[in-house]
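Structure first, then comments.
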Amino acid sequence: MEFTCKELKRLDVAMSEALNLPRNQIEKLIKNVGVYVNEHLTHKCSLKLQVSDVVRYEFIQAMESSSPYDVDFDVPVLYEDDDILVVNKPPFLTVHGAPSVKEATLVDWLQKRGISLSTISGEERHGIVHRIDKETSGALVIAKNNEAH
Numbered sequence: 308m309e310f311t312c313k314e315l316k317r318l319d320v321a322m323s324e325a326l327n328l329p330r331n332q333i334e335k336l337i338k339n340v341g342v343y344v345n346e347h348l349t350h351k352c353s354l355k356l357q358v359s360d361v362v363r364y365e366f367i368q369a370m371e372s373s374s375p376y377d378v379d380f381d382v383p384v385l386y387e388d389d390d391i392l393v394v395n396k397p398p399f400l401t402v403h404g405a406p407s408v409k410e411a412t413l414v415d416w417l418q419k420r421g422i423s424l425s426t427i428s429g430e431e432r433h434g435i436v437h438r439i440d441k442e443t444s445g446a447l448v449i450a451k452n453n454e455a456h
């Protein structure tokens, strides 16, 4: 599939808008699979697209959730705007993945909902500004972009 860039934008931003997917998902796909810009393969998310650049991608199958666990729960949203999301984390819900975690996490829930997340905290902790222990409930702030983080 492909699209033609209509204005100056970063590759990840343009693809996120064109595919209506969270930027963190697009970043993973660009880095792991690659994208062709004017027939040149790139893995650079921050590549500056020019007007009329042709972006071609072939990773529709890879867009499914990266979590092997079913996200069969909901989390109450206390506040949301363009930059942050505040949720009421229930007790016994793990916030982010780790090698020892064998269940769906809050980050999995956020990704399933298609919420754009900050990438500053690393691969497993997208958007997580602070953490709350698994056994603890309470308000948790999630950054939707790097500027808010």
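Residues 308 to 456 (the numbering used here) make up the sequence shown, in order. Just so it is clear, CB atoms sit at the ideal spot from N, CA and C, and this is done for glycine as well.
- Bounds of any beta strand (DSSP E) do not take in residue 324; it lies within the alpha helix (DSSP H) bounded by 318-326.
- Cβ contact annotation for residue 454 (same chain, cutoff 8 angstroms, sequence separation greater than five): 390, in chain order.
- Between the stretch 349-364 and the stretch 402-422 there are fewer than three C-beta pairs closer than 8 angstroms, too few to call the two in contact.
- When 445, 310, 424, 326 are compared, the shortest CA-CA separation from residue 343 is found for 310.
- Annotated three-state conformation of residue 363 is strand, per DSSP.
- Classified as buried, residue 335 has 16 or more neighbouring CB atoms from the shown chains inside 10 Å of its CB.
- Taken in chain order, the complete beta strand (DSSP E) segments of 3 residues or longer contained in the stretch 385-447 are 391-396.
- A straight-line Cα-Cα distance of about 17 angstroms links residue 438 and residue 410.
- With distances taken between CA atoms, residue 388 lies nearest to 452 out of 314, 452, 446, 426.
- Residue pairing of residue 346 in beta bridges, as defined by DSSP: absent, with no partner found.
- In this chain, the beta strand (DSSP E) harbouring residue 309 covers 309-311.
- In this structure, residue 413 and residue 400 form a Cβ contact; the two beta carbons are roughly 6 angstroms apart against a cut-off of 8 angstroms.
- Under the three-state reduction of DSSP output, residue 451 falls in the coil class, being neither helix nor strand.
- Distance check between residue 338 and each of 450, 353, 424 places 353 closest, using alpha-carbon atoms only.
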